[in-house]
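**Q**
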Amino acid sequence: MSTGPLRPPTLAEFIRERRSRVTVAHPAGLTRKELAEATHASLGYIAKIEQGEALNPGAAILDSLAEVLELDTADRVHLYHLAQQRPSSPIRTPLREPDPALRATLDGLLPHLAAVLDDGWRIVDRNSAFDEALPGLASTGHVLRWMFTDPRARIVVEEWEREAQLMVGRFRAYATHTHDRAEVESVLRDLSEHSDFRRMWTEGHVRIGRSDPAFLLRNPRTATIFAVRVQRYRSTAPGPSHQLFIGLTGPPA
Numbered sequence: 004m005s006t007g008p009l010r011p012p013t014l015a016e017f018i019r020e021r022r023s024r025v026t027v028a029h030p031a032g033l034t035r036k037e038l039a040e041a042t043h044a045s046l047g048y049i050a051k052i053e054q055g056e057a058l059n060p061g062a063a064i065l066d067s068l069a070e071v072l073e074l075d076t077a078d079r080v081h082l083y084h085l086a087q088q089r090p091s092s093p094i095r096t097p098l099r100e101p102d103p104a105l106r107a108t109l110d111g112l113l114p115h116l117a118a119v120l121d122d123g124w125r126i127v128d129r130n131s132a133f134d135e136a137l138p139g140l141a142s143t144g145h146v147l148r149w150m151f152t153d154p155r156a157r158i159v160v161e162e163w164e165r166e167a168q169l170m171v172g173r174f175r176a177y178a179t180h181t182h183d184r185a186e187v188e189s190v191l192r193d194l195s196e197h198s199d200f201r202r203m204w205t206e207g208h209v210r211i212g213r214s215d216p217a218f219l220l221r222n223p224r225t226a227t228i229f230a231v232r233v234q235r236y237r238s239t240a241p242g243p244s245h246q247l248f249i250g251l252t253g254p255p256a
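When you read off a place in the sequence shown, starting at 1, and then add 3, the result is the number in this note's numbering.
1. So, helix, strand or coil for proline 103, using DSSP?
2. Quick one: grab the DSSP three-state call for isoleucine 211.
3. Quick check on the DSSP output: the beta strand (DSSP E) that includes alanine 217 runs from which residue to which?
4. Starting from the Cα of leucine 72, find the closest Cα among Ala28, Leu85, Pro154, Thr108 and give me that residue.
5. For serine 244 versus arginine 79, is the C-beta distance shorter than 9 Å?
6. By Cβ distance, which residues of its chain are closer than 6 Å to arginine 173, with the 5 residues on each side in sequence left out?
7. Taking DSSP's pairing of strands, which residues face phenylalanine 248 in a bridge?
8. Residues in its own chain within less than 6 Å of phenylalanine 218 by CB, not counting five upstream and five downstream?
9. Which value, in whole angstroms, describes the spacing of the CA atoms of isoleucine 126 and glutamate 70?
10. Checking 9 Å against the spacing of the C-beta atoms, do asparagine 130 and leucine 116 come in under that value?
11. Do leucine 220 and valine 190 count as a contact pair if the criterion is CB distance below 9 Å?
12. Could you tell me which residues DSSP puts in a beta bridge with alanine 50?
13. I need the boundaries of the alpha helix (DSSP H) containing threonine 24, first residue and last residue.
14. Since histidine 145 sits in a beta bridge, which residues does DSSP pair it with?
15. Helix, strand or coil for proline 60 per DSSP?
16. Smallest Cα separation from glutamate 206: which of Ala118, Val171, Asn222?
17. By DSSP, does glutamate 97 sit in helix, in strand, or in coil?
18. Tell me whether alanine 41 sits in a helix, a strand or coil according to DSSP, three-state version.
19. Kindly list the residues whose CB is nearer than 7 Å to the CB of lysine 36, restricted to its own chain and excluding five residues on each side of it in sequence; keep chain order.
20. Pull the bridge partners of valine 160 from the DSSP assignment, please.
21. Quick one: what's phenylalanine 229 bridged to in DSSP?
22. For arginine 237 and threonine 26, I'd like the C-alpha separation in whole angstroms.
23. Using a Cβ-Cβ cutoff of less than 6 Å, which residues in the same chain neighbour proline 255 once the five nearest sequence positions on both sides are dropped?
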């Protein structure tokens with residue numbers, strides 16, 4: 004163990020250390036020459052990386068290094084960050100079925116509203132508070148479709164026009180990067196006959212997030228207006244992609 008001063012991590016140090024590690028494919032580690040041959044890079048360029056002279060390798064060489072060195076997800080992201088690059092996001096399948104662990108989270112958030120959605124705003128699971136506050140949304144199964152096709156949405160969403168415009172703008176942003184083009188086209192086809200949706204869609208507004216976390220709802224039984232503070236968390240762990248919607252009720256802490 005070194006007794007000198009500790010230093011921040013560097014790309015050169017990381018590559019040297021990972022190259023010398025024992026792996027399934029390379030039980031004795033790799034020489035610099037073997038790493039160069041395996042990554043189809045020149046020996047001189049690998050030497051420059053390991054000597055700290057090449058600080059920003061491109062994505063192609065980083066991908067090759069990650070594969071040859073058998074890096075896991077965390078190490079691959081770290082490799083890119085050391086090279087001051089952004090790793091490409093792997094295509095993740097969306098969550099389609101309720102997950103027992105997420106169900107426990109939803110129930111644990113009561114009395115607050117909580118739901119699990121896929122990235123395209125399809126409802127995967129939700130708790131009883133969510134069902135009570137947003138009647139019909141679970142059976143419709145899709146937030147945007149519910150906003151424009153279920154009359155109850157205009158009753159319980161107090162600022163319906165504002166919220167609908169926000170959702171349409173966010174769906175436009177989602178439509179530009181999703182790999183599920185068929186789902187986007189299906190939603191647009193279903194809602195194209197609704198004049199309010201067509202008007203908002205053709206306005207072309209794009210929204211990324213909420214500037215105001217307050218979301219005003221009207222209790223469908225008592226007609227009283229109450230606010231929820233919206234929070235959304237996107238999954239980052241391995242596995243199907245999803246997002247957790249939380250609507251905090253009650254006065255701010």
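Ideal Cβ positions, reconstructed from N, Cα and C, are used throughout, including at glycine.
**A** The structure says:
1. Mapped onto the sequence shown, residue 103 falls at position 100. If DSSP states are grouped into helix, strand and coil, proline 103 belongs with the helices.
2. Here residue 211 refers to the residue found at position 208 of the sequence shown. If DSSP states are grouped into helix, strand and coil, isoleucine 211 belongs with coil.
3. Start at 1 with the first residue of the sequence shown, and residue 217 comes out as number 214. Taken as a continuous stretch (DSSP letters only), the beta strand (DSSP E) holding alanine 217 covers 217–221.
4. Taking the first residue of the sequence shown as position 1, residue 72 is located at position 69. The option with the nearest alpha carbon to leucine 72 is Ala28.
5. Start at 1 with the first residue of the sequence shown, and residue 244 comes out as number 241. Start at 1 with the first residue of the sequence shown, and residue 79 comes out as number 76. No.
6. Counting from one through the sequence shown, the residue named residue 173 turns up at place 170. Hits under 6 Å: Arg210.
7. Within the sequence shown, residue 248 is the residue found at index 245, counting from 1. The partner list for phenylalanine 248 (beta bridge, DSSP) reads Ala118, Arg235.
8. Here residue 218 corresponds to residue number 215 of the sequence shown, with the count starting at 1. Excluding residues within five positions, the ones whose Cβ falls inside 6 Å are Val231, Val233.
9. Position 123 of the sequence shown, counted from the first residue, corresponds to residue 126. Position 67 of the sequence shown, counted from the first residue, corresponds to residue 70. Answer to the nearest angstrom: the Cα atoms are 36 Å apart.
10. Against the sequence shown, residue 130 aligns to sequence position 127. Against the sequence shown, residue 116 aligns to sequence position 113. A contact, by the Cβ cut-off of 9 Å.
11. The residue you call residue 190 lines up with position 187 of the sequence shown. The residue you call residue 220 lines up with position 217 of the sequence shown. Taking 9 Å as the Cβ cut-off, valine 190 and leucine 220 do not qualify as a contacting pair.
12. In the sequence shown, residue 50 corresponds to position 47, counting from 1. Answer is none; alanine 50 lacks a bridge partner.
13. Working through the sequence shown from its first residue, we reach residue 24 at position 21. For the sequence presented, residue 24 should be read as arginine rather than threonine. First-last for arginine 24: undefined, no H or E at that position.
14. Counted from its first residue, the sequence shown places residue 145 at position 142. Per DSSP, Arg125.
15. Within the sequence shown, the letter at position 57 stands for residue 60. Proline 60 falls in the coil class under three-state DSSP.
16. Your numbering for residue 206 matches position 203 in the sequence shown. Out of Ala118, Val171, Asn222, Val171 has the C-alpha closest to the C-alpha of glutamate 206.
17. Taking the sequence shown and counting its residues from 1, one reaches residue 97 at position 94. Checking the sequence shown, residue 97 turns out to be proline, not glutamate. Proline 97 falls in the strand class under three-state DSSP.
18. Counting from one through the sequence shown, the residue named residue 41 turns up at place 38. Three-state result, alanine 41: helix.
19. Taking the first residue of the sequence shown as position 1, residue 36 is located at position 33. Within the same chain, lysine 36 has close Cβ partners Leu46.
20. Counting from one through the sequence shown, the residue named residue 160 turns up at place 157. DSSP output for valine 160 lists Leu220 as bridge partner(s).
21. The residue labelled residue 229 in the question sits at position 226 within the sequence shown. Paired residue(s): Leu220.
22. Mapped onto the sequence shown, residue 237 falls at position 234. Mapped onto the sequence shown, residue 26 falls at position 23. Cα to Cα, the separation comes out at about 33 Å.
23. For the purposes of this step, residue 255 is taken as the residue at position 252 of the sequence shown. With a pLDDT of 46 at proline 255, under the threshold of 50, the modelled position of this residue cannot be trusted, and the question is left open.
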